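Here the structure is laid out as structure tokens; the discussion comes afterwards.
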Amino acid sequence: MIATPTFLILNAEQLTRSEPQAASRNYSALILKRLIFGSKLIEVLVSSIQLIYRLIIKHAWTLTYLRQLSEKMHGIFRLLALSKQLIYDVRWYGGSNRIQYLAEQLQCSMFEVCQLIVKYQFMQNHPFDKLRDTLKILLHYRIEREAIMNDCWAFRQNPETIIDRLERIREAGIFPVKPWMVRCIEPVIARRINKESHRRAILGENGTIIYYLSERFQCDENKVAVILSKLPQIKHVSGPKTKKVVDFLIENEYTIEHVIRVPRILFHGVEKAQKRLNELLEYGHKPKSLIVFCKTEKEYNEYLERIKKKWLKNEKK
């Protein structure tokens with residue numbers, strides 16, 4: 000029988016009643032590291048089983064923590080079973096295995112790939128050639144590596160289906176592309192594509208808020224870019240809403256300088272802004288700043304009262 004490595008036994012002896020979860024994480028990491036280097040897989044398998052057996056016998060009280068430990072332990076056993084799959088990969092797919100390949104293409108460590116396989120169980124037995132084909136497709140369509148690692152469910156889709164979906168997304172001008180767009184149901188992606196089509200119809204082929212605002216206010220794009228630096232979320236405002244707000248501003252002779260000072264106006268509804276402007280005009284007041292249209296109801300009402308008092312005072316003169 001292969002002896003359990005001394006350092007593993009020492010770690011086992013150090014287990015305390017207050018550290019069942021920490022110990023589980025340590026053993027998971029230890030087994031991952033041994034698997035990654037690909038050497039002595041059988042030794043790791045046997046040693047790990049011996050270690051787990053010793054822990055259960057010596058620390059039977061830890062069974063009370065079985066619920067908390069179950070997920071971690073399942074991860075360990077899945078990785079132990081992965082050793083057989085790695086040998087199969089090397090034998091049938093040209094001397095490499097899925098851990099090495101994914102780590103190289105995703106530009107991450109093999110340890111991180113193992114963590115992914117624990118999280119996404121299907122990747123352990125999923126055909127290696129399909130994993131490779133799918134990853135090539137995702138990277139070709141400029142899906143970020145970090146996004147892929149955060150959502151590996153796209154690997155379950157058929158490569159031909161993925162290409163068809165990504166072509167439609169590219170034609171619609173959607174960017175950046177996220178993995179959920181590949182795996183979501185058809186009605187969801189259809190709505191996303193339709194929304195983007197409306198946006199491009201309004202904002203133009205460039206499809207950006209900066210380009211649209213520079214065109215409407217007849218100014219340099221660099222000047223408008225200041226808005227995006229102040230409030231990056233603005234780039235996600237829908238095309239139709241942006242058009243309504245810009246129409247309102249231009250009709251009432253507000254300039255790009257007003258928008259740069261108060262970019263939040265692009266988030267607000269035109270109906271409310273128009274109502275407030277009409278009320279203020281009744282008292283002979285046109286706001287010099289767009290902040291008035293962004294105030295809360297309480298703040299606006301207080302502002303309106305001050306305008307009324309000032310107007311009444313002038314009327315009495």
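Heads up: the sequence shown is residues 0 to 316, going by numbering that gives the first Met the number 0. Every residue gets a Cβ at the ideal spot worked out from N, C-alpha and C, and that includes glycine. No experiment lies behind these values; they were computed from the predicted model shown.
Under the DSSP assignment, I259 falls in the alpha helix (DSSP H) whose first and last residues are I255 to R260. Runs of the alpha helix (DSSP H) lying entirely within the stretch 200–278 and spanning at least 4 residues, in chain order: 208–215, 220–229, 238–250 and 255–260.
Separation of the CB atoms of T241 and Y211 is rounded to 7 Å, and the pair is thereby assigned contact status at 8 Å.
Going by C-alpha positions, R191 is about 39 Å away from K285.
I226 and V258 do touch by the CB rule: their CB atoms are close to 6 Å apart, below 8 Å.
Within the stretch 98–122, the complete alpha helix (DSSP H) segments at least 4 residues long are 109–118, listed from N- to C-terminus. DSSP places P158 inside the alpha helix (DSSP H), whose first and last residues are P158 to E170. For Y302, the enclosing alpha helix (DSSP H) stretches over residues E296 to K315. The continuous stretches of alpha helix (DSSP H) do not include H284, and DSSP gives it neither H nor E.
Cβ neighbours of V112 within its own chain (closer than 6 Å, five residues either side excluded): I98, L101 and A102. For P186, the number of other beta carbons within 10 angstroms of its own is below 16, and it is reported as exposed. In this structure, M148 keeps its C-beta atom at 8 Å or more from the C-beta atom of C183.
Under the 10 Å beta carbon count, I208 is surrounded by 16 or more other beta carbons and is classified as buried.
Rounded to the nearest whole angstrom, the CA to CA distance from F266 to I168 is 26 Å. Residue environment analysis places I249 among the exposed positions, since fewer than 16 neighbouring C-beta atoms fall within 10 angstroms of its C-beta. In this structure, the CA atom of V117 is about 15 Å from the CA atom of F154. Inter-residue distance for I188 and R141 is about 18 Å (C-alpha atoms, whole angstroms). No Cβ-Cβ contact shorter than 8 Å links S228 with E220. Cβ neighbours of P239 within its own chain (closer than 7 Å, five residues either side excluded): H197 and I201.
Cβ contact annotation for N157 (same chain, cutoff 8 Å, sequence separation greater than five): none.
Residue burial annotation: T133 is buried, with at least 16 other C-beta atoms found within 10 angstroms of its C-beta. According to the DSSP assignment, K129 belongs to the alpha helix (DSSP H) that extends over F127 to H139. Excluding its 5 nearest sequence neighbours in each direction, R263 has C-beta neighbours in its own chain below 6 Å: C293, listed in chain order. Per the C-alpha coordinates, the member of N96, W152 and Q114 positioned closest to F127 is N96. Within the same chain, Y282, G283 and H284 come within 8 Å of W310 by CB-CB distance, once the 5 residues on both sides are set aside.
Per DSSP, I290 lies in no alpha helix (DSSP H) segment and is marked neither H nor E.
Counting along the chain, I184 sits inside no alpha helix (DSSP H), nor does DSSP assign it H or E at all. The C-alpha of K271 is placed about 10 Å away from the C-alpha of N277.
By the neighbour-count criterion, in which a residue is buried when 16 or more other Cβ atoms sit within 10 angstroms of its Cβ, R305 is exposed. Take the alpha-carbon of Q123 and the one of S288: they are about 60 Å apart. Ranked by Cα distance from H125, the first of E143, R164 and L85 is L85.
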